[in-house]
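**Student:** So the sequence lines, in the order shown, correspond to chains A and B. Going left to right, the first sequence walks through residues 91 to 400 as the numbering used here numbers them. Going left to right, the second sequence walks through residues 18 to 312 as the numbering used here numbers them. Note that beta-carbon positions come from the ideal geometry of N, C-alpha and C, so glycine has one too. Remember, predicted model here, so these are calculated numbers, not experimental data.
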Amino acid sequence: MTKSPEQLEQELKRRSKAAKLEIWGRVVSFSALILIVAVVVAIIGFVASKGIATFTTNHVNLWDFLSGKNWNPSLTDAHGKPEVGALSMIVGSFLITILSAIVATPFAIGTAVFMNEISPNRGAKILQPVTELLVGIPSVVYGFIGLSVVVPFTRSVFGGSGFGILSGTCVLFVMILPTVTSMSADALRAVPRYYREASLALGATQWQTIYKVVLRAATPGLMTAVVFGMARAFGEALAVQMVIGNAALMPHSLVDPAATLTSVLTTGIGNTVMGSLQNNALWSLALVLLLMSLVFNLIIRLIGRKGRLQ
Amino acid sequence: MTKRRWLQGLLLMILVALGIFAYQTRQVSHAGGSITAVGSTALQPLVEAAGEQYTADHLGTFINVQGGGTGTGLSQIQEGAVQIGDSDLFAAEQKGIRAKGLVDHRVAVVGITPIVNRKNGITHLTTKQLTAVFTGQATNWKQVGGKDLPIVLINRAQGSGTRATFEQFGIAGHQAKTAQEQDSSGMVRQIVQTTPGAISYVAFSYVTKAVQAVSLNGVAPTEANVVTNRWKIWSYEHLYTKGQPTGLTKDFIAYVQSPTIQKTLVRQLGYLSPSQMHVERDVNGQVTPIGGTRS
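#1: Can you have a look at A:Ile300 and say buried or exposed, based on whether 16 or more other CB atoms are within 10 angstroms of its CB?
#2: Which chain B residues are close to A:Leu339, counting only those with a beta carbon under 7 angstroms from its beta carbon?
#3: With a threshold of 8 angstroms between beta-carbons, can A:Pro347 be considered close to chain B, or not?
#4: At which residue ranges does the region 306 to 364 of chain A contain complete alpha helix (DSSP H) runs of 4 or more residues, listed in the order of the chain?
#5: Closer than 7 angstroms, Cβ to Cβ, to anything on chain A: give me those residues from the region 76 to 92 of chain B, in chain order.
#6: Measure the alpha-carbon distance for B:Lys249 versus B:Gly187 and round it to whole angstroms.
#7: My assumption, with CB atoms under 8 angstroms, is that A:Leu185 sits in contact with A:Ile255. Please give the rounded CB distance.
#8: Have a look at B:Asn157, B:Ala193 and B:Ile114 and flag the residue whose alpha-carbon is nearest the alpha-carbon of A:Thr362.
#9: Establish whether the CB of A:Lys107 and some CB of chain B are separated by less than 8 angstroms.
#10: What are the residues in the region 166 to 184 of chain B lying within 7 angstroms of chain A by C-beta distance?
#11: Name the DSSP bridge partner or partners of B:Leu119?
#12: Tell me which same chain residues have a C-beta within less than 8 angstroms of the C-beta of A:Tyr79, skipping the five on either side of it?
#13: Taking the DSSP output, what are the residues bridged to B:Gly128?
#14: Mind checking B:Ala227: buried by the 16 CB within 10 Å criterion, or exposed?
#15: By DSSP, does B:Glu297 sit in helix, in strand, or in coil?
#16: Quick check: what's the CA-CA separation for A:Phe253 versus A:Gly200?
#17: Opposite B:Gly102 in the DSSP bridges: which residues?
#18: List the endpoints of the continuous beta strand (DSSP E) containing B:Tyr218.
#19: Is it right to say A:Trp297 is buried, meaning 16 or more other beta carbons lie within 10 angstroms of its own, or is it exposed?
#20: Just to confirm the assignment, what range does the alpha helix (DSSP H) spanning A:Trp153 have?
#21: Got a sec? Which residues, its chain only, sit under 8 angstroms from B:Leu63 by beta carbon, not counting five neighbours each side?
#22: Apart from the five residues just before and just after A:Asn160, which ones in its own chain have a Cβ nearer than 6 angstroms to its Cβ?
#23: Give me the chain A residues within the contact set of B:Lys159, using Cβ-Cβ distance strictly less than 9 angstroms, ordered along the chain.
#24: With a threshold of 8 angstroms between beta carbons, is A:Pro95 in contact with chain B?
#25: Is the separation between the beta-carbon of B:Ile171 and that of B:Asn157 shorter than 8 angstroms?
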């Protein structure tokens with residue numbers, strides 16, 4: 091049976107199945123993109139509008155908020171101003187983040203080097219799954235282990251009540267370790283093979299190659315890994331809340347109870363009334379957290395751009 | 018190809034199952050047989066248990082119970098977003114709440130006691146000593162008759178109903194010193210149990226042998242003492258409605274206040290029934306004895 095020319099023309103002009111699928115795919119991915127962008131913008135807008143209310147409707151001085159040391163939103167101080175000084179929490183958050191990053195980085199990079207350079211076989215078989223396993227543990231479990239193991243340990247070794255920045259650092263160290271490790275491993279993997287070959291051909295030992303060539307070339311990637319870990323540590327709430335003690339005081343030592351932005355937020359938000367000063371002050375803390383995570387993202391971008399291999 | 022078919026089939030089945038489920042729940046909520054209670058985590062177990070029993074007795078109704086804290090409960094009921102707001106406090110005591118227009122339904126009484134770690138060597142204190150401990154004037158247990166051990170204060174979160182009650186009636190309206198804050202009674206007990214020198218406060222139902230409840234001014238923290246107000250640290254548990262309750266809300270609140278629930282669930286869960294009380298306390302903390310028939 092032969093087709094008439096009209097039939098043939100029609101058949102050829104009709105969109106093929108592949109073309110229809112193409113359009114369908116574009117529509118799906120584009121609408122997904124629009125939805126995500128809308129959600130992100132809405133979240134930022136919501137947190138910002140709520141967080142600013144402390145300064146616009148409750149007339150709290152921004153500087154007082156950032157530099158005040160007393161956090162007691164339901165009380166007013168001697169001048170009749172509400173006590174909403176967030177400095178102790180901001181300091182607590184930064185201390186715990188920086189300390190845990192300092193502790194975790196050498197371990198993470200060491201593990202990544204072992205996995206990639208020294209023993210790729212065993213690394214892939216044992217260490218990779220183990221580090222990935224750590225990611226899957228819910229943070230409440232980390233918190234509970236922290237509460238029942240780390241806190242008594244720091245109490246008996248370092249004194250104090252055991253609740254404090256030191257315990258928080260120990261818990262966060264384990265929590266950010268997998269993130270930093272797997273990202274460091276990726277960074278090392280991205281170093282081209284011929285760098286190592288050239289270095290070995292010049293007579294360098296394996297350690298010299300690792301130290302002077304591989305780590306050097308991977309530095310921007312490693313820095314990104316650390317900043318990512320810090321971002322995770324900064325935003326972690328539950329596990330930290332369980333071991334840090336949640337005392338909104340300026341930390342004087344690592345074993346004194348302290349508080350982070352997240353721990354004050356999670357303990358307080360259920361006990362305040364929407365629209366009240368106490369509630370708005372908590373939203374302002376959330377805004378500080380949001381801005382900080384934006385800053386972390388910016389840093390990651392900058393490092394990625396500056397350190398790219400030419 | 019067959020695997021894909023199989024997956025598609027599975028997806029379809031899941032969608033159909035979800036559709037049926039959604040349709041059924043739509044029927045229930047359409048019938049007006051569903052209300053939501055939000056708020057105080059201290060009251061949550063009672064409302065949950067009562068809600069389950071009520072649903073079992075009255076098919077086609079559903080009591081949706083959520084925690085979130087006293088502040089959440091009161092603000093949600095004020096905005097009319099839910100039918101019942103659970104609270105540990107009188108609405109007038111919570112900052113930012115306009116108590117007018119909210120109707121109070123007292124469903125239980127809860128006693129609160131200071132608890133200490135068993136190693137502190139403390140079993141009783143005076144109100145003055147307790148106040149000194151919580152305001153930071155005493156920093157070592159030997160200053161109030163205990164062992165030579167630093168005091169570790171553990172507060173509930175700011176705005177917590179338990180904390181408000183404790184500060185008002187336990188330490189004579191003083192503000193507790195800024196110290197550790199925890200957001201649940203279970204957590205507080207766990208920490209007091211394991212931390213030497215620790216002191217905090219919980220509802221009677223949370224007291225176990227692992228921690229030491231403290232007598233105050235020679236009065237033991239018992240239900241018998243709460244009933245007569247000899248033990249002063251107690252509060253009502255309130256269900257708040259916006260305006261007078263109607264329909265299922267009204268029926269459910271009446272059910273919770275009924276003698277059946279008050280004599281069984283309320284007692285089993287470690288609360289006291291308001292009908293047991295020999296005294297009544299108003300929003301200003303003014304206590305008046307109530308006469309009448311008491312068992």
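**Tutor:** Considering the structure as presented:
#1: It is buried - the Cβ of A:Ile300 has at least 16 other Cβ atoms within 10 Å.
#2: Within 7 angstroms Cβ-Cβ: Thr195.
#3: For A:Pro347, the answer is yes, since a Cβ of chain B falls inside 8 angstroms of its Cβ.
#4: Taking 4 residues as the minimum length, the alpha helix (DSSP H) runs contained wholly in the region 306 to 364 of chain A are 328 to 334 and 351 to 358, in order along the chain.
#5: Residues passing the 7 angstroms Cβ filter: Gly85, Gly86, Thr87, Gly88, Thr89, Leu91 and Ser92.
#6: Each residue's alpha carbon lies about 7 angstroms from the other.
#7: Here A:Leu185 really is in contact with A:Ile255; their C-beta atoms are around 6 angstroms apart, less than 8 angstroms.
#8: In terms of Cα proximity to A:Thr362, the closest of B:Asn157, B:Ala193 and B:Ile114 is B:Ile114.
#9: With respect to chain B, the C-beta atom of A:Lys107 has no partner C-beta closer than 8 angstroms.
#10: Result list: Val169, Ala174, Gln175, Gly176 and Ser177.
#11: B:Leu119 pairs with B:Lys259.
#12: In this structure chain A extends from 91 to 400, so residue 79 of chain A is not present and cannot be described.
#13: DSSP lists B:Trp251 as the bridge partner or partners of B:Gly128.
#14: Flag for B:Ala227 reads exposed.
#15: In this structure, B:Glu297 counts as strand in the three-state DSSP scheme.
#16: Rounded to whole angstroms, A:Phe253 to A:Gly200 spans 29 angstroms at the Cα level.
#17: Partner residues in the beta bridge of B:Gly102, as assigned by DSSP, are B:Val55 and B:Tyr257.
#18: Note, B:Tyr218: beta strand (DSSP E), Ala215 to Ala220.
#19: In summary, A:Trp297 is exposed, with fewer than 16 beta-carbon neighbours lying within 10 Å of its beta-carbon over all protein chains present.
#20: Taken as a continuous stretch (DSSP letters only), the alpha helix (DSSP H) holding A:Trp153 covers Leu152 to Ser157.
#21: Val124, Ala125, Glu254, Val273, Leu282, Val283, Leu286 and Tyr288, listed in sequence order.
#22: Cβ within range, chain order: Glu173 and Gly175.
#23: Contact of B:Lys159 with chain A by beta-carbon distance below 9 angstroms is absent, the smallest such distance being about 17 angstroms.
#24: Answer no: the Cβ-Cβ gap between A:Pro95 and chain B never drops below 8 angstroms.
#25: If you check the CB distance, B:Ile171 and B:Asn157 do not come in under 8 angstroms.
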